[in-house]
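For reference, the structure discussed in these notes is given below.
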Amino acid sequence: MEKVKTTYNRRSFLKASALSGGGMLISIGWLSGFTPAETPDFASLPPDWNELNGFVKITADNIIKIMSPNPEGGQNVKTSMPMIVAEELDADWKKVVVEQADLDTKHFTRQFIGGSQAIHQGWQTLRMAGATAKQMLREAAANQWQVPVAEISTELGVLYHKKSGKSAKYGEMATAAAQIPVPKDVKLKDVKDFVIVGHSQKNVEGPKIVTGKPLFGIDIKKEGMLIAMITHPPAFGLKFKSVQNEAVVRKMKGIKDIFPVKIFQDDYERQFFDTTTFLEVVAIVGNSTWEVMQAKKALKIEWEPFADYTEKKNMMGRKLTAKIPAGLESTADHTAKMAERMAQPATVRRKDGDPETAFKNAAKVLERTFTGPFLAHNCMEPMNFFAHVTDEKAELAGPIQKPENTELALSSRLGMPLEKIDIKMTRLGGGFGRRSYAHWLIEAALISQKVKAPVKLLYTREDDMTSGIYRSAYSATYRAALDANNNLIGFHVKAGGVPESPLYANRFPAGAVDHYLAEDWSVETNLTVGSFRAPRSNFMAAAEQSFLDEVAEAAGKDPITFRLELLKRAKENPVGKNNEYEPERYAGVLELVREKSGYEQAKNTRHLGVSAYFCHDSYAAHVFDLEMKEGMPVVKKVCCAIDCGIVINPDAAKNMTEGAIVDGIGTALFGNMTFTKGVPDKSNFDSYRMIRMNEAPKEIDVHFVKNTIDPSGMGEPAYPPVFGALANALYKATGKRFYNQPFTPALLE
287 MEKVKTTYNR
297 RSFLKASALS
307 GGGMLISIGW
317 LSGFTPAETP
327 DFASLPPDWN
337 ELNGFVKITA
347 DNIIKIMSPN
357 PEGGQNVKTS
367 MPMIVAEELD
377 ADWKKVVVEQ
387 ADLDTKHFTR
397 QFIGGSQAIH
407 QGWQTLRMAG
417 ATAKQMLREA
427 AANQWQVPVA
437 EISTELGVLY
447 HKKSGKSAKY
457 GEMATAAAQI
467 PVPKDVKLKD
477 VKDFVIVGHS
487 QKNVEGPKIV
497 TGKPLFGIDI
507 KKEGMLIAMI
517 THPPAFGLKF
527 KSVQNEAVVR
537 KMKGIKDIFP
547 VKIFQDDYER
557 QFFDTTTFLE
567 VVAIVGNSTW
577 EVMQAKKALK
587 IEWEPFADYT
597 EKKNMMGRKL
607 TAKIPAGLES
617 TADHTAKMAE
627 RMAQPATVRR
637 KDGDPETAFK
647 NAAKVLERTF
657 TGPFLAHNCM
667 EPMNFFAHVT
677 DEKAELAGPI
687 QKPENTELAL
697 SSRLGMPLEK
707 IDIKMTRLGG
717 GFGRRSYAHW
727 LIEAALISQK
737 VKAPVKLLYT
747 REDDMTSGIY
757 RSAYSATYRA
767 ALDANNNLIG
777 FHVKAGGVPE
787 SPLYANRFPA
797 GAVDHYLAED
807 WSVETNLTVG
817 SFRAPRSNFM
827 AAAEQSFLDE
837 VAEAAGKDPI
847 TFRLELLKRA
857 KENPVGKNNE
867 YEPERYAGVL
877 ELVREKSGYE
887 QAKNTRHLGV
897 SAYFCHDSYA
907 AHVFDLEMKE
917 GMPVVKKVCC
927 AIDCGIVINP
937 DAAKNMTEGA
947 IVDGIGTALF
957 GNMTFTKGVP
967 DKSNFDSYRM
977 IRMNEAPKEI
987 DVHFVKNTID
997 PSGMGEPAYP
1007 PVFGALANAL
1017 YKATGKRFYN
1027 QPFTPALLE
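Per my numbering, the very first residue in the sequence shown carries number 287; after that it's consecutive.
Here it is as structure tokens:
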């Protein structure tokens, strides 16, 4: 058994108290990722359960209820994280109920999803919560039966004293257990003894999902609720000036009000996720969605260019001032500026050895430049939020990834203390960064405050796709120096973007090459950008893994063998001390995917593409097997190997991997947002191409490295290697290398 010594702060981690009707309440100071569970098998649940949040509760009926602080966005943490608590508690999983908590900073921290960190950061805390609760129940039973606590065992929510034959359900001891001081030393289970964690469990929201019950923010309906929409400037670089036909539109059927909404005050210091370019929009409020949409179409608004300005930012304690340039930007301008910056000196982020001399003396130098465009998120559920703001309080509900961060901005904007703001989190119909930047929540609140009524704000698809929070546009130039024996002796990466650099200077192949140089640059823009599934990694993995395949070919080596040789060097004689990855685990996924894909047997007869990458503390490797049909790829099979430590819920992890692969293929082939004089050239799915069902891989085979390492990221790591594996397989099938995303234009040449 693993014994972990801990010092608990009752306020920040765990509190126990008795329920008035009998039972125990356990408040956990960090629970990060469940969501509401359907409870069809329990006929009579205590009515007060819906009034609690931030607790694990055990009732006299021996049912355990876990309030989930973090939003559910389809990654299935609502099932996986309660499994961790239930495992250490020795609970009967069939009697666990999960419910979504409201935003509650008193009981929880990190009430957000992002960075694939829910399981990774919650692992030890959730285990401690379950183990501590179990220990308190054991002590309660020992006290009542007058036996040593060491003689009390637990199984499926029942306490046993085998010597006397006594037993009791957890619920029978819950009230007494709540009176026991929280123990400072608890024992955690050995991983080999897990019976819930590591075993697939069905999604706790499955019944609601398949029966179409309300789960999403867009489903919300309240008595007296009005519908609101907004109109933002048609081009980046413009701002609101005036409404020209307000009186006419006000007379349209069902319209209640039209007015400008200023999202942030001029002197507001923006927090990390307070990103929006369009600081003032026009709100249209009415009785129904259709009526408001007609008014929105009829509205005539005058916009005007804005001048350069600066924003004060507080990036999680790091304060800075960002310049927002004026002008109507075009993709052609971005491309020219990136090429110009690539040719200029850049900022050195890492330098090992003497790369200048290595390249000067090289027998062969390979140089390639890769580009990636702006990308739109295009969540299937449009942006929406419900708000009801009165003089006394603000009640809000909807899909959001970072509610705690946005609550701070809302408090500042409304001039209302945090304790008077209540944010309820609904299931997200898509996210991966887009719903981190929830300016529409503030818009909904300001609209409700103005019209003095409950309001549901809806964005049209066009509103969302043209309002920003795009993935940045990127470019990276790679150079490789080979000696006369085709050994890699020098490696140089120079990367940048509009407006951010994608560079990760300390990732592979850093640490595996004697002479290594990484540098970067950036170009200012007034387009809004933000997190996009596996931020920056999604581009760097594509460029790096495509380039490494080409270097392997130039060296006359098999792509997997070439990577494994570099990783062996990084393990046995690493260069530098700041390498982010573990070479052994990195090599492990490559070896596993080579075995499971039958790579050695098929590499000379099939069009196989290999890629592997490390991000979010996890390792992923793919082998794509494709063939060409009418000029376009048909992905026959993808074999994937993942090392994310202990896999909590294998089915959920497999589903996330499959989703990442399908998503990545679609983005690699079709994803592209361009601009002409500040206007996004695409505004809906008729022009912004998404992957279709018949274009998904015919088979996806997922394998996980079995180990006892603490869990790490899972939602994002499988995504970045997709691009490189697809590009490398396409090369095998077409004889053409792919340097610019999306790949389809080059395929059709």
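The beta carbon of each residue, even a glycine, is placed where N, CA and C say it ideally should be.
Given residue i, which residues of its chain have a CB within under 6 Å of its CB, disregarding the five upstream and five downstream residues?
{"i": "residue 324", "result": "Only weak support exists for where residue 324 lies, its pLDDT of 39 falling under 50; the value from the coordinates is given anyway. Taken in chain order, the residues that qualify are 493 and 494."}
{"i": "residue 417", "result": "374, 472 and 474"}
{"i": "residue 608", "result": "597 and 599"}
{"i": "residue 601", "result": "558"}
{"i": "residue 869", "result": "853, 856 and 857"}
{"i": "residue 772", "result": "841 and 842"}
{"i": "residue 290", "result": "Its pLDDT being 32, under 50, residue 290 is placed unreliably by the model, and nothing is read from it."}
Report all residues from its chain with a CB closer than 7 Å to the CB of residue i; omit the five preceding and five following residues, and keep chain order.
{"i": "residue 627", "result": "782, 807 and 809"}
{"i": "residue 591", "result": "523, 524 and 612"}
{"i": "residue 1030", "result": "955 and 956"}
{"i": "residue 731", "result": "673, 675, 680, 682, 696 and 700"}
{"i": "residue 539", "result": "577"}
{"i": "residue 449", "result": "437"}
{"i": "residue 334", "result": "With a pLDDT of 34 at residue 334, under the threshold of 50, the modelled position of this residue cannot be trusted; read the value that follows with caution. Cβ neighbours of residue 334 beyond the five flanking positions: none."}
Using DSSP with H/G/I as helix, E/B as strand and the rest coil, what is residue i?
{"i": "residue 572", "result": "strand"}
{"i": "residue 1017", "result": "helix"}
{"i": "residue 587", "result": "strand"}
{"i": "residue 855", "result": "helix"}
{"i": "residue 646", "result": "helix"}
{"i": "residue 671", "result": "strand"}
{"i": "residue 651", "result": "strand"}
{"i": "residue 600", "result": "strand"}
{"i": "residue 521", "result": "coil"}
{"i": "residue 699", "result": "helix"}
{"i": "residue 870", "result": "helix"}
{"i": "residue 1033", "result": "helix"}
{"i": "residue 336", "result": "For residue 336, the predicted structure reports a pLDDT of 21, less than 50, and the residue's modelled location is therefore unreliable. The matter cannot be settled from this model."}
{"i": "residue 639", "result": "coil"}
{"i": "residue 1041", "result": "Because the chain in this structure spans residues 287 to 1035, residue 1041 falls outside the shown range and cannot be described."}
{"i": "residue 919", "result": "strand"}
{"i": "residue 385", "result": "strand"}
{"i": "residue 666", "result": "coil"}
{"i": "residue 951", "result": "helix"}
{"i": "residue 396", "result": "coil"}
Could you tell me whether the Cβ atoms of residue i and residue j are closer together than 8 Å?
{"i": "residue 482", "j": "residue 372", "result": "yes"}
{"i": "residue 948", "j": "residue 977", "result": "yes"}
{"i": "residue 865", "j": "residue 941", "result": "no"}
{"i": "residue 378", "j": "residue 443", "result": "yes"}
{"i": "residue 775", "j": "residue 389", "result": "no"}
{"i": "residue 827", "j": "residue 914", "result": "no"}
{"i": "residue 491", "j": "residue 541", "result": "no"}
{"i": "residue 631", "j": "residue 746", "result": "no"}
{"i": "residue 811", "j": "residue 837", "result": "no"}
{"i": "residue 910", "j": "residue 1015", "result": "yes"}
With a CB to CB cut of under 8 Å and the five nearest residues on each side skipped, what residues in its chain are close to residue i?
{"i": "residue 486", "result": "935, 936, 937 and 938"}
{"i": "residue 462", "result": "426, 429 and 430"}
{"i": "residue 545", "result": "568, 569 and 736"}
{"i": "residue 996", "result": "406, 409, 410, 931 and 932"}
Using a Cβ cut-off of 8 Å (strictly closer), state whether residue i contacts chain D.
{"i": "residue 674", "result": "In the displayed structure, chain D is absent; only one protein chain is listed."}
Checklist line | Touching by the beta-carbon criterion (3+ pairs, under 8 Å), the segment 363 to 372 and the segment 921 to 939 | finding: Cβ pair count under 8 Å is three or more, so yes.
Check: Which ranges would you report for the alpha helix (DSSP H) in the segment 715 to 751 if only whole runs of at least 4 residues count?
Finding: The qualifying runs are 725 to 737 and 747 to 751.
Notebook entry, point to check: Would the segment 557 to 567 and the segment 576 to 587 be scored as touching if the rule is three or more Cβ pairs under 8 Å?
Noted result: No, because fewer than three Cβ pairs between the segment 557 to 567 and the segment 576 to 587 fall closer than 8 Å, the two stretches do not touch.
Notebook entry, point to check: With a cut-off of 8 Å, do at least 3 Cβ pairs link the segment 648 to 656 to the segment 749 to 765?
Noted result: With a cut-off of 8 Å, the segment 749 to 765 and the segment 648 to 656 count as touching, because enough Cβ pairs lie within range.
Margin query: Quick test of the definition: if touching needs 3 or more C-beta pairs under 8 Å, does the segment 798 to 806 touch the segment 635 to 642?
Written below: Judged by Cβ distances under 8 Å, the segment 798 to 806 makes contact with the segment 635 to 642, as three or more pairs qualify.
Next item on the list: Any chance you could list the alpha helix (DSSP H) runs of at least 4 consecutive residues sitting entirely within the segment 800 to 844, in chain order?
Entry: DSSP runs (the alpha helix (DSSP H)) wholly in the segment 800 to 844: 823 to 840.
Notebook entry, point to check: Are three or more beta carbon pairs between the segment 737 to 744 and the segment 506 to 519 nearer than 8 Å?
Noted result: Contact between the segment 737 to 744 and the segment 506 to 519 is present: three or more C-beta pairs spanning the two stretches fall below 8 Å.
Checklist line | Contact between the segment 772 to 780 and the segment 682 to 697 (3+ Cβ pairs under 8 Å) | finding: No contact exists between the segment 772 to 780 and the segment 682 to 697.
Checklist line | Sequence ranges, beta strand (DSSP E) only - wholly within the segment 523 to 549, length at least 3 | finding: List check, beta strand (DSSP E) in window: 524 to 529 and 541 to 548.
Item checked: Inter-stretch contact at 8 Å, needing at least 3 Cβ pairs: the segment 894 to 908 / the segment 823 to 842 -> As far as the Cβ criterion goes, the segment 894 to 908 touches the segment 823 to 842, which means the pair count is three or higher.
Check: Can you give, in chain order, each stretch of the beta strand (DSSP E) that sits fully within the segment 430 to 509 and has at least 3 residues?
Finding: List check, beta strand (DSSP E) in window: 438 to 441, 444 to 447, 452 to 455 and 471 to 474.
Note to self: List, from N- to C-terminal side, the beta strand (DSSP E) runs of 3 residues or more that fit wholly inside the segment 976 to 1012.
What the structure shows: DSSP runs (the beta strand (DSSP E)) wholly in the segment 976 to 1012: 986 to 990.
Notebook entry, point to check: Do three or more CB pairs link the segment 962 to 969 to the segment 903 to 923 at distances below 8 Å?
Noted result: With a cut-off of 8 Å, the segment 903 to 923 and the segment 962 to 969 do not count as touching, because too few Cβ pairs lie within range.
Item checked: Length at least 3, wholly inside the segment 756 to 786: the beta strand (DSSP E) runs in chain order -> You should have 759 to 768 and 774 to 784.
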